[in-house]
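Data first, discussion second: the structure below is written as structure tokens.
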Amino acid sequence: MPIRGNVTSAGDGAAIFSAEVRGTDGQVLGRSAQDGSFKVRAADGDSVVIRALGFRERRVTIAPGLHVALQPLPTVLQTMNTTVGQREIRANEATAHVTVLDRGAIDAAAAISANQLLRQIPGLQEMPSPPSQTSIAIRGLDASRVLVLIDGEPAAGGLIENRDIGRLSTVAAERIEVTKGPSSVEFGSDALGGVINLVTAAPSKPFSADGVFRQGALGRRESTVGVSQTLGALGYRLSGGWRQVDRVTGIDDATSTLERVYDLRTSFRYRMSDRISFRADVQGSRERQRWPVGGGYNGFIDNATGQGFVEAQAAMLGGSVRGRAFAQRYNYQYRQSQLSAPIAGSGDSLEQRERLNRYLVAYSRSAGRQTIDVGVQFSTRSLVSPGKVQGDSAQDDVREFFARDSWIFGSILANAGVRYTSSSLWGDAINPSFGVAWQTSAALRLRSNVARGFRAPSFKDIRYSFANPIAGYAIAGNANLVPESSWSTSLGATWAPSALWSVDVEAFRNNVSDLIDSRYQGLNAAGLQLFQNVNVARAHTSGIETTVEYSDGPLTAGFGYNFLRARNDETGQPLSRRSTNTARMHVGRFWKIKSGVNSDISARYTGAAPMIGTVNDRPTIVAEQGGFLSIDGQMRANITPRAELSGGVNNLLDQRPQLYTPAFARQIYVALRLSWSAAD
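For the sequence shown, position 151 (counting from the first letter as 1) is numbered 185 according to our numbering, and the numbering increases by one without interruption.
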């Protein structure tokens, strides 16, 4: 007679797809569906073996309404990450290695902005973009070649190359996902070096409220508040934050510098039934940066961002259909003043305005050994930048089609995908990927990936128009630019001989072509030296990443090392500011002292790096950025069940290496966290 049951993970309780139900003779009796359910013909009391990729197999006795919870293998982290079509999958369903930083890691680093945490990961390096911006390089590629997302949607500022990872707040964040290597099949343009995706936490079930208040040296002041609850089928989360520091990320100056950010985030989720759900998220931020520009003047940048999406998901057509509509508005303004506040109409006082609308329809179906994802996405992008782009404004319509197929063959997972992108501004691009993972044993998992990524020319690359008669030069865009592209190959392994510790090693190479660079074109009609953006440069990055992790109850520890070789293939010179050696060690411990004390300490080393400049019209090494050793630590004590007092230090040794602009003085801070839950 047919027996029904379901298979879930003992780690998070989520359903497991394609778990095999085998008889004692080894015959496959059935497989679990996308929701973890299975139906087999067996007699009540028969013995079967449940086996799933990434989990320990388990022998159980057949009974009506059977529920089986499988233990995850230590070679696969118990994490979720976002993939093509905004679908969330387990780490064991992915062939690429994704680093997931959960809320615990964010709190352990006292990170209110994403860059404060991301720069601690080996293989990621904080890169300054003076005067006021910073970016994260992944495997040697940074800025516009690393895609930064919030819940799968692009962070603001990308249309005019005004990205700043320091602007990305961790308020209401559940986790930060870091994918190393090209990911254009999953996410589209700009994913040459990798992807950073900040994921908002889901609403809590009982009513909960929390607040954090932090103050420290260098004028550091921060506060966040949030409430969350689920009432029947409706859940909500409301969060807000404010932070200020008397420093601007790219400038080590103690005079008039200032950075202040306000954040507001909301998330509503409604579950109509087991088959239909809805979600609506809205967030906004305002930022002011101030720094001295000389002659007694201060420069000011004001950024204002608003974005949000509505989403519907339904179980239909034998699978799952997701529809999402996203809108983003971003305003940028630069001004100057001799005062502590800007003056209207001063300097470059005209605002630059970005508008982005995206519409996604995606379909996913899992059956037997196979999962198929297909979808379409349509985007409209517009920019208003008087005096900076030809015609003062520009617009682009982008159409994208993607598909990916995944198969499970016993202990082997394989996937292949492709994304086609067509733009009214720059043309089209096709990007494929292929990956395979092999669970050779319970202790060893091998993986390999080949992928092509691309970065579409921006409005600034194509339509930029700027002249500086005093300096005698002009810069012009180029309508004939083609997308930058890269081919990446990686080979990695995770070895976990026990549940206590694991070793992960990955070797990679990323060949990048058609890099966009500015080149001298002669004199224009006004007698100015004309520089134009052209596709000329080629580069490659390669290296090895190693991570060792240990966890035994209250004690966690880890060590990571990254070797990087980053070269400009056109000139033979290394890429500027890319450190060959980066490493990190961290130790965390929970102490049973009164209500509990957490201690966290980390040491981060970024090796010396060459700085490339131009001498006699030829690129050459002109200086060396010094090596940087930063030791950070924090103690958090639960003084009551609802209050936590903490104190910490960043850059304990007060390291300020030569030409390392993001390095500030030692910073000591204290904080108070208050929390309350109706479940207490």
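Every residue, glycine too, gets a C-beta built ideally from N, C-alpha and C.
All values reported here derive from a predicted model rather than from experimental measurement.
Q: Have a look at Gln367, Ser311 and Thr339 and flag the residue whose alpha-carbon is nearest the alpha-carbon of alanine 348.
A: Distances from the CA of alanine 348 to each of Gln367, Ser311 and Thr339 were compared; the closest alpha carbon is that of Ser311.
Q. Who are the near neighbours of aspartate 551 in its chain, counting only those whose CB is closer than 6 Å to its CB and skipping five residues on each side?
A. If we look at aspartate 551 and ignore the five residues flanking it on each side, its Cβ neighbours are Val570 and Ala571.
Q. Between valine 83 and arginine 93, is the Cβ-Cβ spacing less than 8 Å?
A. In this structure, valine 83 places its C-beta atom within 8 Å of the C-beta atom of arginine 93.
Q) Counting Cβ pairs closer than 8 Å, one from the region 504 to 522 and one from the region 247 to 254, do we hit at least three? A) No: the two stretches stay apart, fewer than three of their Cβ pairs being nearer than 8 Å.
Q | Rounded straight-line distance, which links the Cα of alanine 375 to that of glycine 119 | A | Their backbone Cα atoms lie some 44 Å apart in a straight line.
Q) In terms of DSSP beta bridges, what is arginine 618 paired with? A) Among the bridge pairs identified by DSSP, arginine 618 is matched with Gly594 and Arg638.
Q: Ignoring anything shorter than 3 residues or poking outside the region 470 to 526, list the beta strand (DSSP E) runs there in chain order.
A: With a minimum length of 3 residues, the continuous beta strand (DSSP E) runs that stay inside the region 470 to 526 are 478 to 489, 499 to 502 and 507 to 510.
Q) Which residues does DSSP pair with proline 722 in a beta bridge? A) No information on residue 722 is available, as it lies outside the stretch 35 to 714 that the chain covers here.
Q. Starting from leucine 152 and walking both ways along the alpha helix (DSSP H), at which residues does that stretch end?
A. In the DSSP assignment, leucine 152 falls within the alpha helix (DSSP H) that extends over 148 to 152.
Q | Given leucine 135 as reference, the closest of Ile155, Arg389 and Gln68 once Cα atoms are compared | A | Out of Ile155, Arg389 and Gln68, Ile155 has the C-alpha closest to the C-alpha of leucine 135.
Q | Whole-Å CB distance - glycine 227 paired with aspartate 297, under 8 Å assumed | A | Taking C-beta atoms under 8 Å as the contact rule, glycine 227 and aspartate 297 fail to qualify, at a distance of about 26 Å.
Q: If I'm right that leucine 193 touches arginine 415 with Cβ under 8 Å, what's the distance once you round it to whole angstroms?
A: The beta carbons of leucine 193 and arginine 415 sit about 6 Å from each other, so the pair counts as a contact at 8 Å.
Q. Along the chain, which unbroken stretches of the beta strand (DSSP E) at least 3 residues long are found entirely within the region 168 to 244?
A. Qualifying beta strand (DSSP E) stretches, in chain order: 180 to 184, 207 to 214 and 228 to 234.
(Q) Using the three-state DSSP reduction, which class does alanine 142 fall into: helix, strand or coil? (A) Under the three-state reduction of DSSP output, alanine 142 falls in the helix class.
Q.
At the level of alpha carbons, what is the spacing between alanine 657 and proline 608?
A. One C-alpha to the other measures close to 12 Å.
Q) Under 8 Å between the Cβ atoms of isoleucine 230 and leucine 152? A) A Cβ-Cβ contact shorter than 8 Å links isoleucine 230 with leucine 152.
(Q) Whether or not the region 552 to 570 and the region 586 to 602 are in contact is what I'm after, with contact meaning three or more pairs of Cβ atoms, one per stretch, closer than 8 Å; do they touch? (A) At 8 Å Cβ cutoff, the stretches do not touch.
Q | 8 Å Cβ cutoff met for leucine 679 and leucine 447 | A | Taking 8 Å as the Cβ cut-off, leucine 679 and leucine 447 do not qualify as a contacting pair.
Q.
So, does the region 39 to 48 touch the region 64 to 72, judging by three or more C-beta pairs under 8 Å?
A. Contact between the region 39 to 48 and the region 64 to 72 is present: 3 or more CB-CB pairs across the two stretches fall below 8 Å.
Q) Per DSSP, what kind of secondary structure is glycine 425 in: helix, strand or coil? A) The answer is helix: DSSP assigns glycine 425 an H, G or I state.
Q) Whose C-beta lies closer than 8 Å to the C-beta of glutamate 208 among residues of the same chain, with five residues either side of it excluded? A) Counting only Cβ-Cβ distances below 8 Å, and skipping sequence neighbours, we find Asp136, Arg137, Val233, Thr234, Ala235 and Ala236.
Q: Can you grab the Cα-Cα spacing for the pair glutamine 424 / leucine 562, in whole Å?
A: Those two C-alpha atoms are separated by around 18 Å.
Q: Note down the Cα distance separating arginine 24 from glutamate 345, rounded to an integer number of angstroms.
A: The structure shown does not extend to residue 24, since the chain spans only 35 to 714, so no value can be given for it.
**Q.** Reference glutamine 390, options Ser524, Ile635, Ala189 and Arg700, closest by Cα
**A.** Just to set this straight, residue 390 is leucine in the shown sequence, not glutamine. Nearest Cα to leucine 390 within the set Ser524, Ile635, Ala189 and Arg700: Ala189.
Q: Counting only the same chain and skipping the five closest in sequence on each side, list residues whose C-beta sits under 6 Å from that of isoleucine 635.
A: A distance below 6 Å between beta-carbons, with the five flanking residues on each side excluded, links isoleucine 635 to the following residues of its chain, in chain order: Val621 and Gly667.
Q. Exposed or buried, asparagine 196, counting other C-beta atoms within 10 Å across all chains shown (16 or more means buried)?
A. Answer is buried; the Cβ neighbour count reaches 16.
Q | Burial state of threonine 113 (16 or more Cβ within 10 Å) | A | Label assigned to threonine 113: buried.
Q | leucine 562: first and last residue of the uninterrupted beta strand (DSSP E) it sits in | A | Taken as a continuous stretch (DSSP letters only), leucine 562 belongs to no beta strand (DSSP E), as it is neither H nor E.
Q: Determine, using beta carbons only, whether proline 108 and serine 475 come nearer to each other than 8 Å.
A: No, they are not a contact pair.
Q) Just the Cα atoms here: how many angstroms apart are glycine 269 and threonine 616? A) Taking the straight line from one Cα to the other gives about 42 Å.
Q. In this structure, does DSSP put alanine 533 in helix, strand or coil?
A. Assigned with DSSP and collapsed to three states, alanine 533 falls in coil, not helix or strand.
Q: Quickly, what does DSSP pair arginine 392 with across the bridge? List them, please.
A: Answer by DSSP bridge pairing, in chain order: Phe360 and Ser413.
Q: For glutamine 263, name the three-state secondary structure that DSSP assigns.
A: In this structure, glutamine 263 counts as strand in the three-state DSSP scheme.
Q) How close, in whole Å, do the beta carbons of arginine 433 and phenylalanine 412 come, if the pair is a contact with beta carbons under 8 Å? A) So it is a contact: roughly 6 Å between Cβ atoms.
Q: Decide yes or no for the touch test of the region 362 to 378 against the region 324 to 340: beta carbon pairs closer than 8 Å, at least 3 of them.
A: The region 362 to 378 makes contact with the region 324 to 340, as at least three CB pairs between them are under 8 Å.
Q. For the ligand HEM, any of its heavy atoms closer than 7 Å to the Cβ of tyrosine 364?
A. Of the ligands one can find in the structure shown there are none, so the ligand HEM has no counterpart to examine.
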